[in-house]
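Trainee: Residue 1 is where the sequence shown starts when you use full-length UniProt numbering, and the numbers rise one by one after that.
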Amino acid sequence: MTDRIPLIRRPSSASAARSQLPRWVTVLIVVCCLVEAALQLAILAGYPSARQAVFMLAGFWSPLIHDGYGLYPGQPLLMFLTYGLLHSGPMHLAMNMISLAFVARELHRLIGPGMMALIYLASQIAAAALFAVMQPAAGPMIGASGAVFGVAGALIGYAAIVGHRRRRPMGQMWRSVGLILALNVAITVLMPSIAWQAHLGGAAMGAAIGIGLALAAARRV
């Protein structure tokens, strides 16, 4: 007589993939880390003005929107993309990348990598646009936090509606959101010059898209 061995259900490849970071998020984190590492090495090599030079070329400068020209052709448009790759130092970089990893993993499980990439891009652009409106003479504005707030806003907007309709537990999502808020409060305290206008613009755009996706999904059910 042989004992029956209970079958252990293994997670499907699809569910396992959903629990991991999308490839584009991993690539983005690596690129941001490489940029910061290069700036740190430049300073160690005796070029202390390297960071300021890069900020001049790739940071977000509100006056360029109103003037319509920059240091090179296309800078007023290109800076909407490049400013999110720059950070003021290792602490700023670490907080943004840790925050992105947490919220991206949660949102990826809900909507997939492609739509999340669009949310990230739209939120980064919206963050810079609102900053330019509210701070027309300011610059440079740098960092991925506006886009990260957009991903967090999309997560809250989408999961809150879908989770409520389907009566799903929301504990893990709220823990991730709580971590984001705690990290960004810490950034605000440690860096008084934080661009909260960009946070607001990114969060608003992400939340609007997340709510729109949730309502669209509800109509399809």
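Beta carbons: idealized from backbone N, C-alpha and C, even for Gly.
1. If you draw a straight line from the C-alpha of Ala208 to the C-alpha of Met91, how long is it?
2. Rounded to a whole number of angstroms, what is the C-alpha to C-alpha distance between Met141 and Gly59?
3. Could you tell me whether any Cβ in chain B is nearer than 8 Å to the Cβ of Ile194?
4. Note the first and the last residue of the continuous alpha helix (DSSP H) segment covering Trp196.
5. Measure the C-alpha to C-alpha separation of Val25 and Ser49 and round it to an integer number of angstroms.
6. Can you name the residues that DSSP bridges to Met95?
7. Kindly list the residues whose CB is nearer than 8 Å to the CB of Leu110, restricted to its own chain and excluding five residues on each side of it in sequence; keep chain order.
8. On the criterion of 16 or more Cβ atoms from any shown chain inside 10 Å, does Ala37 qualify as buried, or is it exposed?
9. Could you please give me the residues that DSSP links to Phe60 through a beta bridge?
10. Nearest to Ala53 by alpha carbon, out of Ala126, Arg220, Leu71, Ala101?
11. Span of the alpha helix (DSSP H) holding Gly114?
12. Where do the ends of the alpha helix (DSSP H) carrying Leu44 lie?
13. Pairs of beta-carbons, one from the segment 90-108 and one from the segment 121-139, closer than 8 Å: are there three or more?
14. Are there three or more Cβ pairs, one per stretch, closer than 8 Å when the segment 75-87 is compared with the segment 28-35?
15. Looking at Gly146: is its Cβ nearer than 8 Å to the Cβ of His66?
16. What number of angstroms, rounded off, separates the C-alpha of Ser62 from the C-alpha of Gly212?
17. For Gln52, which three-state DSSP category applies?
18. Distance, Cα to Cα, Leu215 vs Gly139?
19. Can you tell me whether Leu41 is buried or exposed? The criterion is at least 16 other CB atoms within 10 Å of its CB, across all chains shown.
20. With respect to the alpha helix (DSSP H) encompassing Pro76, which residues constitute its N-terminal and C-terminal limits?
21. Determine the DSSP secondary structure at Leu86, reduced to helix, strand or coil.
Mentor: So, from the listed chains and residues:
1. Numbered from its first residue, the sequence shown carries residue 208 at position 208. Numbered from its first residue, the sequence shown carries residue 91 at position 91. Answer to the nearest angstrom: the Cα atoms are 30 Å apart.
2. Numbered from 1 along the sequence shown, position 141 holds the residue referred to as residue 141. Numbered from 1 along the sequence shown, position 59 holds the residue referred to as residue 59. One C-alpha to the other measures close to 6 Å.
3. This model lacks chain B altogether, as it is built from one protein chain only.
4. Counting from 1 along the sequence shown, the entry for residue 196 is found at position 196. From DSSP, the alpha helix (DSSP H) with Trp196 extends over 196-220.
5. Against the sequence shown, residue 25 aligns to sequence position 25. Against the sequence shown, residue 49 aligns to sequence position 49. Cα to Cα, Val25 sits roughly 29 Å from Ser49.
6. Reading the sequence shown from its first residue, position 95 is the one you call residue 95. Partner(s): none; Met95 has no beta bridge.
7. Along the sequence shown, one-based indexing puts residue 110 at 110. Taken in chain order, the residues that qualify are Leu155, Tyr158, Ala159, Val162.
8. As a first step, residue 37 is located in the sequence shown; it is residue number 37 there, counting from the start. It counts as exposed.
9. On the sequence shown, residue 60 is found 60 positions in, with the first residue counted as 1. Answer is Met141.
10. For the purposes of this step, residue 53 is taken as residue 53 along the sequence shown, with counting starting at 1. Selected option, being the one with the closest Cα: Leu71.
11. For the purposes of this step, residue 114 is identified with residue 114 of the sequence shown, where counting begins at 1. Gly114 -> alpha helix (DSSP H) spans 113-134.
12. Within the sequence shown, numbered from 1, the residue matching residue 44 stands at position 44. Start and end: 23-44.
13. no
14. yes
15. On the sequence shown, position 146 is the one that residue 146 refers to. On the sequence shown, position 66 is the one that residue 66 refers to. The answer is no: Cβ separation not under 8 Å.
16. Position 62 of the sequence shown, counting from 1, holds the residue named residue 62. Position 212 of the sequence shown, counting from 1, holds the residue named residue 212. Spanning the two alpha carbons is a distance of roughly 29 Å.
17. As a working note, residue 52 is residue 52 in the sequence shown. Of the three classes helix, strand and coil, the one that applies to Gln52 here is helix, per DSSP.
18. Position 215 of the sequence shown, counted from the start, is the residue given in the question as residue 215. Position 139 of the sequence shown, counted from the start, is the residue given in the question as residue 139. Whole-angstrom Cα-Cα distance: 37 Å.
19. Translated into the one-based positions of the sequence shown, residue 41 becomes position 41. Exposed.
20. By 1-based counting over the sequence shown, the position of residue 76 is 76. Element bounds for Pro76: 75-82.
21. In the sequence shown, the residue the question calls residue 86 occupies position 86. DSSP places Leu86 in coil when its eight states are reduced to three.
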